[in-house]
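Engineer: Chains as they are written, first to last, in the numbering used here: chain A, 419 to 518; chain B, 419 to 518.
Protein chains: 2
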Amino acid sequence: MDYAELTKLFDALSHPMRIKIMGALYEQRRYVSELAKYMNMSRPLLYMHLRKLEEAGIVAGSYEISNSGKSMKYYEVIPFDICLNPELLKELAKNIPPQG
Amino acid sequence: MDYAELTKLFDALSHPMRIKIMGALYEQRRYVSELAKYMNMSRPLLYMHLRKLEEAGIVAGSYEISNSGKSMKYYEVIPFDICLNPELLKELAKNIPPQG
DNA sequence: TTCACATGTAAGTAATATATTACACATGGA
DNA sequence: TCCATGTGTAATATATTACTTACATGTGAA
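1) Looking at the strands, I want to know which residues DSSP matches up with B/V477.
2) Give, in chain order, every residue of the region 423-441 of chain B whose Cβ lies closer than 9 Å to some Cβ of chain A.
3) So A/V531 contacts chain B; which residues on that side make the cut at Cβ distance below 7 Å?
4) Near A/V495, what residues of its chain come up, given a Cβ to Cβ distance below 7 Å and the 5 sequence neighbours on each side ignored?
5) Exposed or buried, what is B/F498 when buried is set at 16 or more other beta-carbons lying within 10 Å of its beta-carbon?
6) For A/E445, which residues in chain B fall below 8 Å Cβ to Cβ?
7) Use the C-beta contact count for B/L463: other C-beta atoms within 10 angstroms, 16 or more gives buried, fewer gives exposed.
8) What do you reckon, are the CB atoms on A/E473 and A/A430 nearer than 9 Å?
9) Under 8 Å by Cβ, that's how I've got A/L471 and A/R436 pegged, so tell me the actual separation to the nearest angstrom.
10) A/H433 to B/K512, Cα distance in whole Å?
11) Can you check which of these residues, A/Y465, A/K438 and A/E509, is closest to B/L510 by C-alpha distance?
12) Measuring straight from C-alpha to C-alpha, what distance separates A/P516 and A/N503?
13) Let me know the secondary structure DSSP gives B/L453 once reduced to three states.
14) In chain A, which residues lie less than 8 Å from B/D499 when you measure between Cβ atoms?
15) According to DSSP, is B/I514 helix, strand or coil?
16) Kindly give me the distance between the Cβ atoms of A/E482 and A/Y493, rounded to whole angstroms, as I take these residues to be in contact under 8 Å.
17) Could you tell me how far apart the beta carbons of B/M490 and B/Y449 are, in whole angstroms, since I believe they sit closer than 8 Å?
18) Going by Cα to Cα distance, which pick from A/K426, A/L507, A/N458 and A/S484 is closest to A/R469?
19) List the residues that DSSP assigns as beta-bridge partners of B/L502.
20) Using the Cα positions of B/N458 and A/S451, report the straight-line distance between them to the nearest angstrom.
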């Protein structure tokens, strides 16, 4: 785990709707349209949030064919457990270049 | 700890320079100009970053008069330790209103 | 063929974050 | 008086994020 991964993770979790998405997907995996209805959010906006979470490595999507023959994209939470404290930040800070 | 505090914390830690500031202040407390030189950063920009960290509650500033009579603002790290995992996010998500 | 429901993206706007330059004020010492 | 060093902010420019509307595609069932 380096500072770039961690800042990406923090950035992903810095928006309430993304916290809520994480909660919804941790309860159970859901496909995109289902999640959009559940979140009461437009799909384009949901895609933007999902992309951030996926780039941070804490959710993953996979395609499945439903019984009725439709292609569905299911998202689920990737497990993680990080102890966040100043000591960790100090260690990660060592590798940050002068320009940031 | 509620979701609003946590998103503020994550937002504060979502920038490499702020991770670096945390590292620098955890090593030792520093006054603003000193920190700006250490970080090789302009003071106005540093103030912006410090404000975010302060609003997140993980640094605090206090004024002191130096031996030479000048007013110095020292910043230091406020200790914290948070276990970050999907379970925590699920619990916090319960209190997020529909609009986010 | 038309509808319902799934996928995804392109284009635009509004809001926020990031960063720079310039300014103002106070103190101690040369 | 002038310089170095400390404090802080206002104004501006640039970049990114957040969000909306509109579009395009494919499938199965009525």
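Backbone N, C-alpha and C fix where the C-beta goes; we use that ideal spot for every residue, glycine too.
Please read these numbers as outputs of a predicted model, since none were measured by experiment.
Structural biologist: Concretely, from the data shown:
1) B/V495
2) L424, T425, K426, L427, F428, D429, A430, L431, S432, H433, P434, M435, R436, I437, K438, I439, M440 and G441
3) In this structure chain A extends from 419 to 518, so residue 531 of chain A is not present and cannot be described.
4) M440, L443, Y444, I476 and V477
5) exposed
6) K508
7) exposed
8) yes
9) 6 Å
10) 15 Å
11) A/K438
12) 22 Å
13) helix
14) C501, L502 and N503
15) coil
16) Rounded, the Cβ-Cβ distance is 11 Å, inconsistent with contact.
17) 4 Å
18) A/K426
19) A/I500
20) 47 Å
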